[in-house]
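Structure, as structure tokens:
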Amino acid sequence: MVLAAELGRSWDMADLPSGTVSLLFSDIEGSTVLLSRLGAAYADALDGQRRVLRASWADQGGIELGTEGDSFFVAFPTAIGAVGAAADAERELAVYPWPAGEQVRVRVGIHTGSPMVHDGGYVGMDVHRAARIAGAAHGGQVVLSAATAELVGGGLPGGVGLRDLGSHRLKDLPMPEHLFQLTIEGLRSEFPALKALGAASSLPVSATPLVGRDGELAELTALLASPGVRLVTLTGPGGSGKTRLAVSVAERLVNSFPDGVFFVQLAAVTTAEVMWTSIAEAMDVPPDARVLPGFFQYVAHHSALVVLDNLEQLGGADAVVAELRQQAPSMVVLATSRRPLSLDGELQHAVPPLELPDDASWEETQRSGAVQLFAQRAQAVKASFSLQPDNAADVAAICRRLDGLPLAIELAAARTKLLTPHALLGRVGQALDLKVTGIDRPTRQQTLRNTIGWSYDLLNPQCQALFRHLGVFAGGADLDAIAAVAEGVADGVDVWNLVADLVDTSLATIGEDDRGEPRVGMLETVRAFARDRLATAGELDDACRRHAQYYTVVAQSMAAQLHTPRDLAARNQLETDYANIREALTWCLQPGAPTPPTPDRCDLGLLLAATLREYWTIPGVDPQAEEWLQRAVDLCAGQHHPAMADALVGLSRHMWGHPGEGIGQRALDIYRALGDKKGMAEALHTLEWFHRDDFDTAQSMLDESIALAREAGDEVRLSWALGRCADLGMRRRQPGEALVLLREATELAHQRNDERTMLSAQLNMTEVLISLERAPEGVVNLDAIAASVLASRDPGLGAGLLSCYAELFAAVGDDERAGRLLGAHRELSMALWPSDCDKEESWIQQSGIAKARSRLGDTRWEQALQAGRSHSLQTAVIDASEHRPATPPRDS
Numbered sequence: 000m001v002l003a004a005e006l007g008r009s010w011d012m013a014d015l016p017s018g019t020v021s022l023l024f025s026d027i028e029g030s031t032v033l034l035s036r037l038g039a040a041y042a043d044a045l046d047g048q049r050r051v052l053r054a055s056w057a058d059q060g061g062i063e064l065g066t067e068g069d070s071f072f073v074a075f076p077t078a079i080g081a082v083g084a085a086a087d088a089e090r091e092l093a094v095y096p097w098p099a100g101e102q103v104r105v106r107v108g109i110h111t112g113s114p115m116v117h118d119g120g121y122v123g124m125d126v127h128r129a130a131r132i133a134g135a136a137h138g139g140q141v142v143l144s145a146a147t148a149e150l151v152g153g154g155l156p157g158g159v160g161l162r163d164l165g166s167h168r169l170k171d172l173p174m175p176e177h178l179f180q181l182t183i184e185g186l187r188s189e190f191p192a193l194k195a196l197g198a199a200s201s202l203p204v205s206a207t208p209l210v211g212r213d214g215e216l217a218e219l220t221a222l223l224a225s226p227g228v229r230l231v232t233l234t235g236p237g238g239s240g241k242t243r244l245a246v247s248v249a250e251r252l253v254n255s256f257p258d259g260v261f262f263v264q265l266a267a268v269t270t271a272e273v274m275w276t277s278i279a280e281a282m283d284v285p286p287d288a289r290v291l292p293g294f295f296q297y298v299a300h301h302s303a304l305v306v307l308d309n310l311e312q313l314g315g316a317d318a319v320v321a322e323l324r325q326q327a328p329s330m331v332v333l334a335t336s337r338r339p340l341s342l343d344g345e346l347q348h349a350v351p352p353l354e355l356p357d358d359a360s361w362e363e364t365q366r367s368g369a370v371q372l373f374a375q376r377a378q379a380v381k382a383s384f385s386l387q388p389d390n391a392a393d394v395a396a397i398c399r400r401l402d403g404l405p406l407a408i409e410l411a412a413a414r415t416k417l418l419t420p421h422a423l424l425g426r427v428g429q430a431l432d433l434k435v436t437g438i439d440r441p442t443r444q445q446t447l448r449n450t451i452g453w454s455y456d457l458l459n460p461q462c463q464a465l466f467r468h469l470g471v472f473a474g475g476a477d478l479d480a481i482a483a484v485a486e487g488v489a490d491g492v493d494v495w496n497l498v499a500d501l502v503d504t505s506l507a508t509i510g511e512d513d514r515g516e517p518r519v520g521m522l523e524t525v526r527a528f529a530r531d532r533l534a535t536a537g538e539l540d541d542a543c544r545r546h547a548q549y550y551t552v553v554a555q556s557m558a559a560q561l562h563t564p565r566d567l568a569a570r571n572q573l574e575t576d577y578a579n580i581r582e583a584l585t586w587c588l589q590p591g592a593p594t595p596p597t598p599d600r601c602d603l604g605l606l607l608a609a610t611l612r613e614y615w616t617i618p619g620v621d622p623q624a625e626e627w628l629q630r631a632v633d634l635c636a637g638q639h640h641p642a643m644a645d646a647l648v649g650l651s652r653h654m655w656g657h658p659g660e661g662i663g664q665r666a667l668d669i670y671r672a673l674g675d676k677k678g679m680a681e682a683l684h685t686l687e688w689f690h691r692d693d694f695d696t697a698q699s700m701l702d703e704s705i706a707l708a709r710e711a712g713d714e715v716r717l718s719w720a721l722g723r724c725a726d727l728g729m730r731r732r733q734p735g736e737a738l739v740l741l742r743e744a745t746e747l748a749h750q751r752n753d754e755r756t757m758l759s760a761q762l763n764m765t766e767v768l769i770s771l772e773r774a775p776e777g778v779v780n781l782d783a784i785a786a787s788v789l790a791s792r793d794p795g796l797g798a799g800l801l802s803c804y805a806e807l808f809a810a811v812g813d814d815e816r817a818g819r820l821l822g823a824h825r826e827l828s829m830a831l832w833p834s835d836c837d838k839e840e841s842w843i844q845q846s847g848i849a850k851a852r853s854r855l856g857d858t859r860w861e862q863a864l865q866a867g868r869s870h871s872l873q874t875a876v877i878d879a880s881e882h883r884p885a886t887p888p889r890d891s
């Protein structure tokens with residue numbers, strides 16, 4: 000799904016409806032897979048889709064705001080028109096003569112609101128909301144917001160109805176959305192659960208039914224629904240089906256937990272800090288609450304099921320789970336691990352191999368879970384396969400040789416595309432004669448490893464090469480990344496075809512990313528095998544180098560889009576790719592290694608760390624950010640090039656006191672030697688933080704930073720420096736000058752659609768207005784930006800919003816509310832900037848909050864603070880927005 004800013008525009012400004020409009024987004028579900036199947040005929044399918052949709056839009060007065068590929072963004076003057084167009088389009092798509100007998104399925108989302116008109120298009124939360132609603136739908140499904148459903152409820156076209164889908168949490172939207180589905184007579188009306196956060200659709204999609212686990216599934220479902228059960232750990236060797244069983248249990252329980260069911264993949268995680276971040280990201284916890292203890296406040300009252308998958312490599316996993324249970328007493332954890340966590344109250348469930356037939360009788364073989372799985376997977380690759388009395392004995396023998404391990408059986412069954420069960424049995428036996436050395440490996444794990452190796456040996460050389468190279472990816476990868484890392488191994492063969500072969504043989508998995516694009520992954524056991532083979536082939540170092548180079552380019556591209564109209568999309572992409580970025584940093588910088596990495600690795604690691612410096616200013620995205628920067632700087636000590644200066648600036652932002660100032664000064668010296676005005680402006684702006692109490696020095700630094708940014712035409716750094724200069728003006732008791740500076744910073748950010756910088760300047764402007772005793776203007780300002788601050792997913796802005804609200808309510812005499820909001824602000828700020836806590840009292844005195852504290856008295860003030868500490872950012876904003884300050888202050 001793409002937003003309006005990303006779509007090609009094809010309308011005249013004068014044609015845009017004003018006021019309330021209905022916004023429609025649509026695209027083809029699985030377009031990349033459809034392209035791979037249709038080849039050149041895909042162009043015909045795309046043309047047909049466009050003709051059908053454009054005719055439907057035009058018939059109902061829709062204005063096409065843009066299109067990109069198979070996506071549309073259309074505005075309708077009325078909700079009835081938008082819904083009628085969607086219904087007509089789905090009817091026509093259903094009967095269209097698509098090439099090669101394919102069926103093109105289009106998903107549609109509609110929301111009605113009053114978006115802002117800017118630069119010849121629509122912008123704002125209503126646009127984002129419509130796009131996210133469409134992204135939650137499935138092909139052939141039309142989903143409406145509550146606002147649209149209310150407008151069309153009594154005037155739906157004939158044969159069209161509404162189905163209430165309930166409330167759902169959608170990515171990047173701060174509050175749940177009440178959604179409805181359009182039912183169209185004669186067309187499909189039953190769809191999987193919406194692709195919402197915390198719903199069944201947030202779990203990994205199982206391609207086939209779970210077989211051979213009915214008893215365990217019922218037992219575990221009942222166990223996890225029992226009062227008092229807080230932690231269940233599924234244990235067993237790699238490939239025993241722990242993850243698959245956990246997901247199936249979670250699917251059954253999705254309606255039993257009011258706050259959702261969440262799946263957290265932890266195979267690529269090695270530290271407790273990153274484990275906390277991964278859990279918070281999977282639960283879509285706002286960034287401001289992802290840092291402890293803010294996370295605990297956010298989830299303290301959640302009644303949710305959290306599936307923690309693959310914990311065996313995490314030495315501190317037991318402590319994390321223990322703390323999670325203590326801080327969130329209504330949360331239930333289902334963990335998978337090759338070893339138990341050994342915590343009090345933990346219920347362990349050893350996942351056994353699938354049931355094997357006791358004898359070779361036809362009846363016993365049919366009842367075997369292992370044989371059922373083999374038959375299911377064999378039929379998936381060869382439709383004519385069926386379990387018969389004449390092949391049942393061979394199938395049963397194969398399953399016994401593989402010890403009933405699900406992954407091993409799936410890998411073997413995939414080869415029935417080429418071999419009969421009898422021929423397969425002989426080959427499985429030969430492969431299992433090669434045992435893995437090492438007495439510490441369980442027998443079943445040796446068997447699994449050899450089964451993977453045997454399946455690998457049956458691949459053609461190009462598939463083998465691609466399979467090996469997939470071993471360098473952590474958390475999956477898109478096709479562009481795979482093509483870049485495996486460059487040269489395909490020899491002209493389409494990478495997608497090789498990936499499809501690996502998926503067919505169960506050596507790789509395929510899913511979708513947030514953009515609906517394919518994302519290729521591997522089970523961790525298979526990935527470890529692929530990486531070992533890559534090392535054995537002497538290709539590991541070269542593949543890791545290309546992997547690190549590729550993700551450095553990705554990071555550079557996304558970093559360049561921060562503080563632009565694509566800021567949120569860039570941050571989402573960095574979040575999606577971050578497991579691979581962390582893998583690249585590890586390969587380049589080798590933290591903890593007894594000897595330093597080679598110079599080329601150090602240089603690449605320095606460049607990658609320097610590139611991420613601005614992304615790392617967002618709290619919670621990587622608890623190791625300072626360590627990465629420090630390691631890169633130490634390894635490349637003595638270098639004087641832009642990447643070193645950039646890394647030093649980034650490092651100084653994470654440090655306080657004299658060390659941070661010295662590091663920032665080193666950066667400035669390098670920038671000056673290079674004549675880099677943009678860098679000098681950034682370094683000076685950063686160094687000013689270390690001279691907050693020396694007004695003259697701070698002013699001199701900021702004046703020079705502003706002048707350099709203007710000379711370089713760098714509006715981003717200019718906006719930041721103006722904002723810091725305004726803050727200095729407030730500290731120098733010159734609010735009038737501060738207001739002028741902030742208006743310029745706001746206008747600069749507005750001109751380039753830099754929403755986060757613009758929101759920051761507007762928050763600062765609110766504080767200035769309060770100091771000028773213009774609180775009503777401050778109220779208007781906060782009204783206009785509160786929703787955007789929440790949607791920005793920037794915790795620093797969230798903290799600023801709370802501080803403004805606290806000051807505002809103190810200024811108008813609502814002292815208890817000021818205290819609650821200060822309490823919420825304090826908890827968030829302590830998590831984000833613990834070193835600033837000792838400066839809070841000075842701010843309280845300067846802002847006027849001290850007067851509210853004095854009026855309320857110590858006891859009631861502490862009670863208000865304590866109440867606010869339990870509020871999340873969203874709860875605090877609701878508290879503030881539902882009680883707009885209207886009374887005058889009781890004293891001056």
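If you're matching positions, the sequence shown starts at 0 in numbering that gives the first Met the number 0 and goes up one per residue.
The C-beta atom is built at its ideal place from N, Cα and C for all residues, glycine as well.
### 6 Å CB neighbourhood of Thr610 in its chain, flanking five on each side removed
Mapped onto the sequence shown, residue 610 falls at position 611. Around Thr610: Ala554, Gln555 and Ala558.
#### Entry: Close-in-space but distant-in-sequence residues of the same chain around Gly211 (CB under 7 Å, 5 per side omitted)
As a first step, residue 211 must be located in the sequence shown, where it is residue number 212. Once the five neighbours on either side are set aside, the close Cβ partners of Gly211 are Leu353, Glu354, Gly368, Ala369, Gln371 and Leu372.
### Inter-residue CB distance, Glu523 and Ala266 (contact presumed, cutoff 8 Å)
Counting from one through the sequence shown, the residue named residue 523 turns up at place 524. Counting from one through the sequence shown, the residue named residue 266 turns up at place 267. The pair is a contact, with the Cβ atoms about 4 Å apart (cut-off 8 Å).
### Task
Can you give me the start and stop residues for the beta strand (DSSP E) that Arg518 sits inside?
Position 519 of the sequence shown holds residue 518. Pro517 to Gly520 is the extent of the beta strand (DSSP E) around Arg518.
### Task
Can you tell me which of Trp719, Thr874, Leu404 and Ser880 puts its alpha carbon nearest to the alpha carbon of Gly822?
Looking up residue 822 in the sequence shown gives position 823. The candidate whose alpha carbon is nearest that of Gly822 is Thr874.
### Task
State yes or no: is the C-beta of Val306 within less than 9 Å of the C-beta of Val263?
Here residue 306 corresponds to residue number 307 of the sequence shown, with the count starting at 1. Here residue 263 corresponds to residue number 264 of the sequence shown, with the count starting at 1. Yes, the Cβ-Cβ distance between Val306 and Val263 is below 9 Å.
### Task
Report the residue ranges of all beta strand (DSSP E) runs contained in full by the region 99-126; include only those spanning at least 3 residues, in chain order.
Annotation: the region 99-126 contains the following complete segments of the beta strand (DSSP E) (minimum length 3 residues), in chain order: 105-112, 115-117 and 120-122.
### Query
Given that a residue counts as buried once 16 or more other Cβ atoms are within 10 Å of its Cβ, and exposed if not, what is His300?
By 1-based counting over the sequence shown, the position of residue 300 is 301. His300 comes out exposed.
### Message
Between Phe694 and Arg731, how many whole angstroms is the CB-CB distance? I'm expecting something under 8 Å.
### Response
Here residue 694 is taken as the residue at index 695 of the sequence shown, counted from 1. Here residue 731 is taken as the residue at index 732 of the sequence shown, counted from 1. 6 Å between Cβ atoms; contact.
#### Entry: Minimum C-alpha distance to Val298 - residue among Gly315, Pro595 and Gly259
On the sequence shown, position 299 is the one that residue 298 refers to. Considering only alpha carbons, the answer is Gly259.
### Task
Have a look at Arg819 and Leu855 and give me their C-alpha separation to the nearest angstrom.
Along the sequence shown, one-based indexing puts residue 819 at 820. Along the sequence shown, one-based indexing puts residue 855 at 856. Linking Arg819 to Leu855 through their CA atoms gives a straight-line distance of about 12 Å.
### Within the region 612-663, ranges of the alpha helix (DSSP H) (whole runs, at least 4 residues)
Listed in chain order, the alpha helix (DSSP H) elements of length 4 or more contained wholly in the region 612-663 are 624-634 and 641-652.
### Message
Which same chain residues end up closer than 7 Å to Glu511 when comparing Cβ atoms and leaving out the 5 residues on each side of it in sequence?
### Response
Here residue 511 corresponds to residue number 512 of the sequence shown, with the count starting at 1. Only Pro517 and Arg518 meet the Cβ criterion.
### Task
With Leu346 as the anchor, note down where its beta strand (DSSP E) starts and where it stops.
The residue you call residue 346 lines up with position 347 of the sequence shown. Residues Leu346 to Ala349.
### Query
Roughly how many angstroms separate the alpha carbons of Thr242 and Leu506, rounded to a whole number?
Residue 242 sits at position 243 when you count from the first residue of the sequence shown. Residue 506 sits at position 507 when you count from the first residue of the sequence shown. Computed Cα separation, rounded: 16 Å.
### Message
Between which two residues does the alpha helix (DSSP H) holding Leu22 run?
### Response
The residue you call residue 22 lines up with position 23 of the sequence shown. Leu22 -> not in any alpha helix (DSSP H); beta strand (DSSP E) instead, spanning Val20 to Ile27.
#### Entry: Ordered list of alpha helix (DSSP H) runs contained in the region 664-752, each at least 4 residues
Runs found: 676-686, 694-711, 714-730 and 734-750.
#### Entry: Given 8 Å, three or more beta-carbon pairs between the region 190-205 and the region 220-228
Of all C-beta pairs linking the region 190-205 to the region 220-228, fewer than three are shorter than 8 Å, placing the two stretches out of contact.
### Task
For Asp308, name the three-state secondary structure that DSSP assigns.
In the sequence shown, the residue the question calls residue 308 occupies position 309. Looking at Asp308 - three-state DSSP - the assignment turns out to be strand.
### Message
Measuring alpha carbon to alpha carbon, tell me which residue in Asp793, Val778, Arg825 and Leu827 is nearest Val811.
### Response
What you label residue 811 is simply residue 812 of the sequence shown in a count that begins at 1. Checked all of Asp793, Val778, Arg825 and Leu827; the closest Cα to Val811 is Val778.
### Buried/exposed call for Met115, threshold 16 Cβ in 10 Å
For this step, residue 115 is matched to residue 116 along the sequence shown. That one is exposed.
### Query
If you run the structure through DSSP and keep just helix, strand and coil, what is Phe373?
By 1-based counting over the sequence shown, the position of residue 373 is 374. Correct three-state label for Phe373: helix.
### Nearest to Gly240 (by Cα), restricted to the options Leu209, Thr220 and Val107
The residue labelled residue 240 in the question sits at position 241 within the sequence shown. Closest by C-alpha distance to Gly240, out of Leu209, Thr220 and Val107, is Leu209.
### Message
Quick check on the DSSP output: the alpha helix (DSSP H) that includes Gln365 runs from which residue to which?
### Response
Indexing the sequence shown from 1 puts residue 365 at position 366. Segment Trp361 to Arg366, the alpha helix (DSSP H) holding Gln365.
### Buried or exposed by the 16-neighbour rule on C-beta atoms within 10 Å, applied to Pro590
In the sequence shown, the residue the question calls residue 590 occupies position 591. Using a 10 angstroms sphere on the CB of Pro590, the tally of other CB atoms stays under 16, which defines it as exposed.
#### Entry: Environment of Thr886 [buried if 16+ CB atoms lie within 10 Å]
Counted from its first residue, the sequence shown places residue 886 at position 887. With a pLDDT of only 43 at Thr886, under 50, the local geometry of the prediction cannot be trusted, and the value read off the model is given with reservation. In the assembly as shown, Thr886 is an exposed residue. Its beta-carbon has fewer than 16 other beta-carbons within 10 Å.
### Query
Which residues mark the beginning and the end of the beta strand (DSSP E) in which Phe262 is found?
Locating residue 262 in the sequence shown gives position 263, counting from the first residue. Val260 to Gln264 is the span of the beta strand (DSSP E), which, as asked, contains Phe262.
### Query
If you draw a straight line from the C-alpha of Leu33 to the C-alpha of Leu410, how long is it?
As a first step, residue 33 must be located in the sequence shown, where it is residue number 34. As a first step, residue 410 must be located in the sequence shown, where it is residue number 411. In a straight line, the C-alpha of Leu33 is about 26 Å away from that of Leu410.
### Task
Could you say if the region 127-135 and the region 94-114 meet the contact criterion of at least three C-beta pairs nearer than 8 Å?
Touching, per the Cβ criterion.
#### Entry: Proximal residues to Gly799 (C-beta, below 6 Å), its chain only, five neighbours per side dropped
Position 800 of the sequence shown, counted from the first residue, corresponds to residue 799. Residues of the same chain with a CB within less than 6 Å of the CB of Gly799, apart from the 5 flanking positions on each side, are Leu762 in chain order.
### Query
Are the region 42-56 and the region 91-101 touching by the rule of at least three beta carbon pairs closer than 8 Å?
With the rule of 3 Cβ pairs closer than 8 Å, the region 42-56 counts as touching the region 91-101.
### Backbone CA spacing between Gln365 and Gly139 [nearest angstrom]
Within the sequence shown, numbered from 1, the residue matching residue 365 stands at position 366. Within the sequence shown, numbered from 1, the residue matching residue 139 stands at position 140. Looking at the two C-alpha atoms, the distance is approximately 38 Å.
### Task
Could you tell me if Leu539 is buried or exposed, where buried requires 16 or more neighbouring beta carbons within 10 angstroms of its beta carbon?
Sequence index remark: in the sequence shown, residue 539 carries index 540 (1-based). It is buried - the Cβ of Leu539 has at least 16 other Cβ atoms within 10 Å.
### Task
Could you tell me which uninterrupted beta strand (DSSP E) segments, each at least 3 residues in length, are contained entirely in the region 153-228, listed from first to last along the chain?
Annotation note: the region 153-228 contains the following uninterrupted beta strand (DSSP E) runs of length 3 or greater, listed N- to C-terminal: 159-167 and 176-183.
### Message
Taking 9 Å as the threshold (C-beta atoms), are Ala74 and Leu143 in contact?
### Response
Mapped onto the sequence shown, residue 143 falls at position 144. Mapped onto the sequence shown, residue 74 falls at position 75. No, the Cβ-Cβ distance between Leu143 and Ala74 is not below 9 Å.
### Query
By Cβ distance, which residues of its chain are closer than 6 Å to Phe190, with the 5 residues on each side in sequence left out?
As a working note, residue 190 is residue 191 in the sequence shown. Taken in chain order, the residues that qualify are His137 and Gln140.
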